[in-house]
Amino acid sequence: MNGPQDLGGQMGFGPVAPEPDEPLFHAGWEPRVLGLTLACAALGHWGIDESRHARESIPPADYLRFSYYRIWFTALCALLERHGEVVPEELALAKVLAPPRRAERCLPAERVPAVLAAGGPTERAVDRPARFAVGDTVRARVMHPKGHTRLPRYVRGAVGRVGAVHGAHVFPDAAAHGQGEAPEWLYTVAFAGADLWGPEAEPGLVVSVDAWEPYLERA
Amino acid sequence: MPHDHDHDAEDMAARVRALETVLVQKGLVDPAALDAIIETYSEKVGPKNGAAVVARAWVDAEFADWLARDATAAIHSLGFTGRQGEHMQAVFNTAARHNVVVCTLCSCYPWATLGLPPVWYKSPPYRSRVVIEPRAVLAEFGTVLPEDIEIRVWDSTAELRYLVIPERPAGTEGMSEEALAALVTRDAMIGVVRDLAP
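Residue numbers (UniProt numbering), protein chains in the order written: chain U, 1 to 219; chain H, 1 to 198.
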């Protein structure tokens, strides 16, 4: 979706602001949100694509004003409500009013190291060949899906070159919406700066994105 | 600092506490698991992992070659596996090319080798600008590059996570792998800094 998350090439946000002391967290509730987000992911109701879509579905005026972990928290509440694990009144009252659905899948502390170390690889086997090869010239499709997508707006319509083929991976546009993993071939596509930004592009700039096959057409 | 300081911080603390209370009482979340997750990313996983990868690549040409061909396997062989490090790609700086990493769509970052990202990496100024004016952004980090160097920006739009391998600084011949790793900074492995000091 053309949501607030799709920031590449937008202007007006001002300089990057590194922090000299750079604390990992800026409030005591922030590490709790990190922990809750990872622990709740283990319940298996949703995957990374659905959680990203929940974050980008926050209205732009809120998304851009919220701190990072507030974005995570807002999305986590939406996901838990969507999958029937909490009802809004419970959050308002800090009181249990409805039974849980997947308590049997609660992540116990002793399994945390193994679960974090395993991660969630996304490469999948598919029985069809890749449509593009390294060196092919491709165009990023002009597309504006209302659901989740990982093709940023700034490359849509631009012509680039396939730099790598990475096997087939879970397709976010399907997985985010409960449509299964629907794996598709994944490519790294490199675009010359001038093909993205025109004659005022900085010299010697090449930008690449990782793009699934349905995002690309032969140019 | 428009992006990481909420005016309603107290309200957030109460709301997060409410959610945690409800989830723990329902048996959906084990409070000890929360502590274990937080401890992992606060204390155990950080940029030292990435620095060890870079130092190994500097001293061991065979490892560097493996890293270039199959970064996932090479990095996993050092024990740095897991969440946000499932699929890795190493991108090597050369005299003619400088690499820099971003996620314009969210906050994708190689947790397994660099730990949790800094706030600026996740913020709109960095995400919006580094794909369109990387030279200007790098200059804000004190990195001014000649115009004939190619700047390669890697936007991590899938689950591939990029690790920039800086060039080994001159004058480090004979240094131990551990001493070399101590020279490698997180910012150099993101690519906002290019030169490391011996």
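Glycine is no exception: its CB is placed at the ideal position from the N, C-alpha and C atoms.
Source: prediction; values computed, not measured.
As the crow flies, the alpha-carbon of residue 54 of chain H is around 9 Å from that of residue 163 of chain H.
Below the 9 Å Cβ cutoff, chain H contributes no neighbours of residue 145 of chain U, its closest Cβ being approximately 14 Å away.
Taking a C-beta distance under 8 Å as the contact criterion, residue 112 of chain H and residue 49 of chain H qualify as a contact pair. For residue 203 of chain U, the C-beta contacts it makes with chain H under 7 Å involve 147, in order along the chain.
Residue-level contact by beta carbon fails for residue 157 of chain U and chain H, as no gap is shorter than 8 Å.
Following the DSSP letters along the chain, one finds residue 165 of chain H inside the beta strand (DSSP E) bounded by residues 160–165. With contacts defined by Cβ atoms closer than 8 Å, residue 78 of chain H and residue 57 of chain H do not form a contacting pair. Within chain H, the residues whose beta carbon sits less than 8 Å from that of residue 208 of chain U are 152, 153, 154 and 155, listed in sequence order.
Excluding residues up to 5 positions away in sequence, nothing lies with its Cβ nearer than 6 Å to the Cβ of residue 66 of chain U in the same chain.
Residues of the segment 172–200 of chain U with a C-beta less than 9 Å from any C-beta of chain H: 172, 186, 188, 190, 193, 196 and 197, listed in chain order. Boundaries of the beta strand (DSSP E) harbouring residue 163 of chain U: 159–169, taken from the DSSP string.
When only Cα atoms are considered, residue 40 of chain H and residue 31 of chain H end up about 14 Å apart. Cβ neighbours of residue 145 of chain U within its own chain (closer than 8 Å, five residues either side excluded): 1 and 173. Proximity of residue 116 of chain U to chain H, defined by a Cβ-Cβ separation below 8 Å, is satisfied. Distance from the CA atom of residue 61 of chain H to the CA atom of residue 11 of chain H, rounded to whole angstroms, is 54 Å.
At a cut-off of 8 Å between C-beta atoms, residue 84 of chain U does not count as an interface residue with respect to chain H.
Assignment of residue 187 of chain U by DSSP, reduced to helix, strand and coil, places it in the strand class. Remark: C-beta atoms of residue 158 of chain H and residue 177 of chain U do not approach each other more closely than 8 Å.
Chain order gives the chain U residues near residue 85 of chain H as 119, where near means a beta carbon separation below 9 Å.
In the DSSP annotation of this structure, the continuous segment of the alpha helix (DSSP H) that includes residue 74 of chain U starts and ends at 68–82. Annotation for residue 87 of chain H: the continuous beta strand (DSSP E) segment containing it runs 87–92. Within the segment 19–34 of chain U, 19, 22, 24, 26, 27, 28, 29, 31, 32, 33 and 34 place their CB atoms closer than 7 Å to a CB of chain H, listed in sequence order. According to the DSSP secondary-structure assignment, residue 150 of chain H is paired through a beta bridge with H:97.
Residue 218 of chain U: member of the beta strand (DSSP E) spanning 216–218, first to last residue. For the segment 44–56 of chain H, the set of residues with a beta-carbon nearer than 7 Å to any beta-carbon of chain U is empty.
Excluding residues up to 5 positions away in sequence, 57 lie with their Cβ nearer than 6 Å to the Cβ of residue 64 of chain H in the same chain. Residue pairing of residue 207 of chain U in beta bridges, as defined by DSSP: U:191 and H:153. Annotation: Cβ neighbours of residue 20 of chain H in chain U (cutoff 7 Å, chain order): 32 and 36. A direct Cα-to-Cα measurement between residue 11 of chain U and residue 194 of chain H gives close to 25 Å.
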